[in-house]
Amino acid sequence: MTKVIANATNKGGEGKTTMSIMLAEYAALVMGKNVLAIDLDPQANFSKYYLNLEYDPVYKGGKVPPLHPEYNPDEDVSWDGRSSIANIFYGEEVIPYPTGFKNIEILPAHSNKLQEAEAVTKNEVLEKVHLQLKRFVQLPEVQNEYDFIVIDTPPSKGPLTIAGIKACTDMVIPSQMEEDSIDGIYGMMQLWKQETYARPAENPINLAGILANRVREVSLHKNFFDQLKSLESTKDYVIDKKIKERVIYGELRVKEDRPKSVFELPQDHIARKECESVCKIIMKRIYNHG
Amino acid sequence: MAKKSFKIRGNLAEALGDTVSSARNNAGELHVEIIPLRKIELDPDNPRDLALSFEDLYQGILKKDDSFGRKTAEQEALASLTKSIKEQGVINPIVVYKYNDQYRLIAGERRTLASILAEKADIPARVLTSRPDQLKLSLIQWIENIEREDLTLWERLRNLEKILNAYAEAKQKKATEISPTELGQLLGCSLQQGVNYRHVLNASDELRKHIQSGEIKNIEKAAFIAKSPATLQSTLTQACLNGSTLSELKKISRETPSINTKPGRHNAQPKINLGSTESTKVAKTIIHTVLEHESFKHLNDRFNSIRWDDHKSIAMAFRQLVKLLEQA
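Protein sequences appear in the order of chains A and B.
Just so we're aligned, residue 518 is where the first sequence starts under the working numbering, counting upward by one.
Just so we're aligned, residue 395 is where the second sequence starts under the working numbering, counting upward by one.
Structure follows, in structure tokens:
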């Protein structure tokens, strides 16, 4: 079965997109898996990293996917040539985009359409939003095409984050080792708990890890990490290795024609080694489960 | 300067602990599946009140069926539920457990029947992996039914008796020994409601007959009658049948001269209250006088540790004395 990983936390800036990129590229480049990246965040940072998004001409500030490379205006009369994961919430077809990496395809965000789905409050519609992504990743053609699906979620506890959690087999919570961030861990664990209640007991959602991100050599970060590692409730979930605060991660996000993966850095590069050791632990937890 | 040290707030650490343990303990508790109606069967070990069967709905009720009239009436009573299911589907999932490749119904018989009538193919269900024990089963049925307005007092009472027997068996005591407090905790209702149920469970046969026929529907009135002296019960029952309110029943009870030997609850032994006193001296006199009696002198050893300045100690001794006298 295809592994579906959701990176989720309700606080912004914790490293959801960084984690999503790291896991997608580790699965594709290091493990040779066929990977589908799904961007549920209206901010579209995950998509922007792999594709050249365009600004939405109507909703200023929002982003829309570029024209699909396989789009032919003469033949595809009933398609406008753009495809976003948001389409599934509108009952429309989705067509993944190729990226600069041969094993990674992406279903990008469409800011405005995703914002509309996130703003849904009516109960009947809400249920559709919650379950639509799960139905999508469970389609036989999706399961056959991809081994590994990575979902990036918006910084909220709203319908899109819930959709991501309902769709996933495994969930990862990235977090800085700061006071407000740890509140964020707590918030996400509520969604994990709810989902644990809702799934069949014999096939639970796997909380594959709480990952300490952007860690600096200060006692604040060290103390919080050590405590999470010693608390009975969280010690099994917190990943032993941390991702440290490094300029290289920011630099890697600035792309020219094609992004450069951290796993394409020289083998002894400290950032590559750090990411490999973290991914190794997470993948082990993902593949040992279920 | 001392190195700074930081700590996760205590309540957050505790809340994280609660979250994890609750998730681990309740995994799958709210899992809802959509299952085909055709695969649902009734639990043969679970007595039911309806005559209508699944086959009746699929094939139509047969004219030659002995219960034709009753079944037709039951089907008609399902009309409004059927209409709502046609329009909105089943909102509250039914509860079933897996039995071979079928599902056996624990709760939601009417919803299932109405879904068949609404020509649905499937129904949302909480699926348990095995048959829960009798107590849990009865409790699920109780909780499922508590909100239902069409459930009669008699049906409630029957469910309650099932729970009580299962609970008593689990606790290895008699059903009559279960206190209203325990009952309240078990059912998640108030102590007052627990007291009411306790009384009604002890109702006399006559009273039960009227509850069963639906002539007495109100639990407060039924409880009041059940706890009244036996001599008064038929008067009160009659008044209740004639439409008396609870306060009118209470008035009748107050105005009827009562007998001192209060026979209390059904199947409980009549008891005589020996009264109470604030004076330790009076208590001491009674106990000593009895123990001086020829027939009871041998009991003296048992009472030489009474602390005569302590009301509690004296009360306990007095109770013990009464017990011994009863046995003598």
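By construction, the Cβ of each residue, glycine as well, lies at the ideal position given by its N, Cα and C atoms.
- Kindly indicate the opening and closing residues of the beta strand (DSSP E) around A/F665. 665–669
- Query: Is B/V490 close to chain A, meaning its C-beta is less than 8 angstroms from at least one C-beta of that chain?
  - Reply: no
- Task: Whole angstroms is fine: what's the gap from B/L475's alpha carbon to B/D599's?
- Result: Between the alpha carbons of B/L475 and B/D599 lies a distance of about 34 angstroms.
- Task: Give, in chain order, every unbroken run of the alpha helix (DSSP H) that is at least 4 residues long and sits entirely within the stretch 540–586 of chain A.
- Result: 562–567
- Per DSSP, the bridge partner or partners of A/M688: A/A523, A/L724
- With a Cβ-Cβ cutoff of 8 angstroms, do A/A680 and A/Q649 count as a contact? The Cβ atoms of A/A680 and A/Q649 sit closer than 8 angstroms to each other.
- Going by alpha carbons, who is nearest to A/V755 out of A/A725, A/G767, A/T678? A/A725
- Message: Am I right that A/I666 and A/D556 are in contact with their C-beta atoms under 8 angstroms? What's the rounded C-beta distance?
- Response: A/I666 to A/D556, Cβ: 12 angstroms. No contact.
- Taking 7 angstroms as the cut-off, does the CB of B/Q453 come closer than this to any heavy atom belonging to the ligand GTP? Among the components modelled here there is no ligand, and therefore nothing to report on the ligand GTP.
- Task: Would you kindly check if the distance between the Cβ of A/P676 and the Cβ of A/A626 is under 8 angstroms?
- Result: no
- Task: List the residues of chain A that B/T413 touches, going by C-beta distances under 9 angstroms, in chain order.
- Result: B/T413 reaches chain A at Y703, M706, Q707, W709, K710, S750, counting residues in chain order whose Cβ is nearer than 9 angstroms.
- Item | Near-chain B residues of the stretch 712–746 of chain A (beta-carbon distance less than 7 angstroms), N- to C-terminal order | Those would be T713, Y714, A715, R716, P717, A718, P721, S736, L737, N740, F741, Q744, in chain order.
- Task: Assign B/R520 to one of three DSSP states: helix, strand, or coil.
- Result: strand
- Rank A/L745, A/S600, A/G617, A/P615 by C-alpha distance to the C-alpha of A/E609 and give the top, closest one. A/S600
- Among A/L553, A/P590, A/A718, A/V689, which has the Cα closest to the Cα of A/M705? A/V689
- How is B/R498 classed by DSSP in three states: helix, strand or coil? strand
- Buried or exposed (CB count within 10 angstroms, at least 16 for buried), B/P438: exposed
- Message: So if I threshold CB-CB distances at 9 angstroms, which residues from the stretch 677–688 of chain B count as touching chain A?
- Response: none
- Message: Quick check: B/I510 and B/L444, are their CB atoms within less than 8 angstroms of each other?
- Response: no
- Message: Taking 7 angstroms as the limit between beta carbons, can you name the residues of its chain near B/R592, skipping five residues before and five after?
- Response: P574, L577
- Query: How is B/A515 classed by DSSP in three states: helix, strand or coil?
  - Reply: coil
- Query: By DSSP, does B/V484 sit in helix, in strand, or in coil?
  - Reply: coil
- Item | Cβ-based neighbour list, A/R802, same chain, cut-off 8 angstroms, excluding 5 preceding and 5 following | D687, N723, A725, G726
- Message: At the 8 angstroms Cβ level, is B/H705 part of the contact set with chain A, yes or no?
- Response: no
- Task: Mind listing the chain A neighbours of B/I402? Cutoff is C-beta to C-beta under 8 angstroms, in chain order.
- Result: I699, F741, Q744, L745, L748
- Message: Going by C-alpha to C-alpha distance, which of A/K550, A/L737, A/Y572 sits closest to A/M518?
- Response: A/K550
- Under the rule that 16 or more other beta-carbon atoms within 10 Å means buried, what is B/R713, buried or exposed? exposed
- Neighbour list for B/E481 in chain A, Cβ cutoff strictly below 7 angstroms: In chain order: nothing, as chain A lies at least about 12 angstroms away.
- Residue of B/L547, B/E503, B/A473 minimising C-alpha distance to B/L431: B/E503
- Measuring only between beta-carbons, confirm whether B/K398 sits less than 8 angstroms from chain A. yes
- Query: Among the residues of its own chain, which have a CB less than 8 angstroms from the CB of A/Y566, if the five just before and after it don't count?
  - Reply: T534, I538, R770, K772, P776
- Item | Alpha-carbon to alpha-carbon, A/V611 and A/N604 | 6 angstroms
- Do B/I488 and B/A512 have their CB atoms nearer than 8 angstroms? no
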